Amino acid sequence: LAKTTQPISMDSYEGQEVNITCSHNNIATNDYITWYQQFPSQGPRFIIQGYKTKVTNEVASLFIPADRKSSTLSLPRVSLSDTAVYYCLVTSGTYKYIFGTGTRLKVLA
Amino acid sequence: GAGVSQSPSNKVTEKGKDVELRCDPISGHTALYWYRQSLGQGLEFLIYFQGNSAPDKSGLPSDRFSAERTGGSVSTLTIQRTQQEDSAVYLCASSLPPSGANVLTFGAGSRLTVL
Chain Y
1 LAKTTQPISM DSYEGQEVNI TCSHNNIATN DYITWYQQFP SQGPRFIIQG YKTKVTNEVA
61 SLFIPADRKS STLSLPRVSL SDTAVYYCLV TSGTYKYIFG TGTRLKVLA
Chain H
110 GAGVSQSPSN KVTEKGKDVE LRCDPISGHT ALYWYRQSLG QGLEFLIYFQ GNSAPDKSGL
170 PSDRFSAERT GGSVSTLTIQ RTQQEDSAVY LCASSLPPSG ANVLTFGAGS RLTVL
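Residue numbers (the working numbering), protein chains in the order written: chain Y, 1 to 109; chain H, 110 to 224.
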């Protein structure tokens, strides 16, 4: 299982773009990169997944360079409601998903 | 159902009592997972069920913990003789059979407090 490394915490102001980078140097050919968001008192929620290049949905964008050893979650124009913990996972056919401590994002007014 | 349902949402118990936590996964999801999350920490894998295969119990922290999944659907996590260190949020998730692009859907969790 590829290990991931991401910042423990980040602060941002409302309206700014937030980029959270995750390192996964040992990612394997069949692995995907998946991000989850967790609000207090809730379970994690899937926000975006990618294999290579760039993926965008209504919530976020995910940038993956050609070597796939890292990925960047981009949240455009954050609001206070984006304050949460963001987890980066490398997922393959195994079921042992490893959720680390994630990145605690705090959005300030 | 439309989502993963867990009950109870909150449980306060006395040290030494047994507790049962229930998870009702999304209909059609053959894979079911239990995680534990202590305050301010990441998720700790406990147990995994996939269809009719034998579950992977390798994450259970002690023999006081057990889980079953009846009829390939509802799962119950049982903690016997609870200890204060068992206090945590217990999260259940379900999914289709694991693959690289697999996505887990989590319930809201059951918050257990052992006094």
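Backbone N, C-alpha and C define an ideal beta-carbon position, used for all residues, glycine too. Computed from a prediction, not measured in an experiment: that's the story for all the values here.
When the beta-carbon positions are compared, Y/Thr29 and H/Gly151 stay at least 7 Å from each other. Within the region 74 to 98 of chain Y, the residues whose Cβ lies closer than 8 Å to any Cβ of chain H are, in chain order, Tyr87, Thr91, Ser92, Gly93, Thr94, Tyr95, Lys96, Tyr97 and Ile98. At a cut-off of 7 Å between beta-carbon atoms, Y/Tyr32 makes contact with chain H. Here H/Asp127 carries a coil assignment [DSSP, helix/strand/coil]. When the five nearest sequence neighbours on each side are left out, the beta carbons in the same chain lying within less than 6 Å of the beta carbon of Y/Gln49 are those of Tyr32 and Thr34, in order along the chain.
Here the alpha carbon of Y/Ser61 sits roughly 16 Å from the alpha carbon of Y/Arg45. When H/Thr122, H/Val113 and H/Ala111 are compared, the shortest CA-CA separation from H/Ile188 is found for H/Thr122. Under the 10 Å beta carbon count, H/Gly137 is surrounded by fewer than 16 other beta carbons and is classified as exposed. Residue-level contact by beta carbon holds for Y/Gly43 and chain H, with a gap shorter than 7 Å.
Of H/Ala140, H/Ser118 and H/Leu148, the smallest CA-CA separation from H/Pro207 is found for H/Ala140.
Following the DSSP letters along the chain, one finds Y/Asp82 in no beta strand (DSSP E), marked with neither H nor E. Chain-ordered, the chain Y residues with CB closer than 9 Å to the CB of H/Ala210 read Tyr32, Thr34, Gln49, Tyr51 and Thr91. Y/Gln37 and Y/Ile8 have their alpha carbons spaced roughly 14 Å apart. Per the DSSP secondary-structure output, H/Ile188 pairs in a beta bridge with H/Val128 and H/Phe174. Chain H places a beta carbon closer than 7 Å to that of Y/Phe46, counting this residue as a contact. Within a 10 Å sphere around the beta-carbon of Y/Asp11 sit fewer than 16 other beta-carbons, which makes this residue exposed. In this structure the region 79 to 96 of chain Y does not lie against the region 190 to 202 of chain H, because fewer than three pairs of beta carbons, one per stretch, are closer than 8 Å. Straight-line measurement puts the Cα of Y/Tyr86 at about 20 Å from the Cα of Y/Lys52.
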